[in-house]
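Numbers 680 to 976, taken from our numbering, label the letters of the sequence shown in order. Down below is the structure, laid out as structure tokens.
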Amino acid sequence: MTEASFTADNAPASQPAPSAPTPAPVSAKEEAVDTIRFLALLAIAVLIFRSFFLSPFNIPSESMQPRLLIGDYLLVNKMAYGYSKYSLPFSVPLIPGRVFARTPERGDVAVFKAPPSADNDYIKRVIGVPGDSVQVKDGIVWLNGKPLKRETMPDFVIPVTANMVEASRAMGTLPCYSMEFEEVAADGLRQCRYKQYRETLPSGKSYAILDVAPIAEDNTPLVVVPEGHLFMMGDNRDRSADSRFPAMENQGIGLVPEENLVGKALVGMFSTDGSASWINPISWFTAARWSRIGDGF
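And the structure:
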């Protein structure tokens, strides 16, 4: 045997490395199981995120005009006021009472499960917190014996949109509340024009409200908000079933238990006027109200 047949340490010269074993092919059944597992984990993660952190909410009515319009989509901060069973999908009773509870501040825009049934999500502005006295006199809100400051603002003008027409038809009303508030715009389209005011709370927080017609609830009895409850009102004072009305299904909500709180309105993430059509992709863009995206509270 020649010298070239051995290495310096008396081992044979270079030999081919053993080939790696070929992995067994993944069966279609295993792929299906992996996909289902991934989707299940993703669903659980989304469920946890929506239950405890941020959740979407859409505006179906005009009760919070001018701040919120039909077709607005918001993100709601679920951490803001703590958690109860109403924080969970379908109000599953896994949380006893409220944990990490915090009372909202006056002026907050809050989402909650509406009394008496607590089946439906509502969104209103917090006007009175526990211990406050609240009364409405001639449309002016009196808080703890003093009227809230109200200043006239320029009229609120809004085009009559497809989702406004649909909502008013479902309610058996007119898109502009009454024909006296409807007019023709310069472009020939219909629009609503409402009187608008700026209301200011004792803290200095202010917001725009609508109050265009006299209604019975422009005058209410004096109410002292009990512990664990809130007095809520819509910014559109003539089209809001709120704490001025007794808690009756589809008529009013009365005083709202803090346990019913779902979260605090955080930011607008999308808005549409309702004119989009699934068969017309261009309308998906023309129906969007881009200027309303990103509005905070």
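Even glycine gets a Cβ: it sits at the ideal position worked out from N, Cα and C. Note that the structure is a prediction, hence the values are computed from the model and not measured.
In this structure, the CA atom of V839 is about 9 Å from the CA atom of E861.
Around the beta carbon of T951, 16 or more other beta carbons lie within 10 angstroms, which makes this residue buried. Between F835 and Q875, the gap from beta carbon to beta carbon is short of 8 Å. Burial state of D921 is buried, judged by a 10 Å Cβ sphere holding 16 or more other Cβ atoms. Look at A849 here: in three-state DSSP terms it is helix.
Here R918 is buried. Its C-beta has 16 or more other C-beta atoms within 10 Å. The C-beta distance from V904 to V808 rounds to 6 Å, short enough to meet the 8 Å contact threshold. Within the same chain, and ignoring the five residues on either side of L767 in sequence, the residues whose Cβ sits closer than 8 Å to its Cβ are S730, L773, I774. Uninterrupted beta strand (DSSP E) stretches at least 3 residues long and entirely within the region 743-813 occur at 751-756, 788-792, 800-807, given in chain order.
For F736, the enclosing beta strand (DSSP E) begins and ends at 733-737. Put simply, the region 745-752 touches the region 951-966. At least three CB pairs are less than 8 Å apart.
Unbroken beta strand (DSSP E) stretches of 3 residues or longer found wholly inside the region 902-964: 908-912, 940-950, given in chain order. In the structure shown, the three-state DSSP call for R729 is helix. Taking a 10 Å sphere around the C-beta of G933, we find 16 or more other C-beta atoms and assign the residue as buried.
Residue state for K708 is assigned as helix, using DSSP reduced to three classes.
According to the DSSP assignment, I837 belongs to the beta strand (DSSP E) that extends over 828-838. As DSSP reads the structure, T879 sits in a beta bridge with K828, S885. In this structure, L726 keeps its C-beta atom at 8 Å or more from the C-beta atom of L754.
Going by beta carbons, K943 and Y760 fall inside the 8 Å limit. Under the DSSP assignment, V820 falls in the beta strand (DSSP E) whose first and last residues are 819-822.
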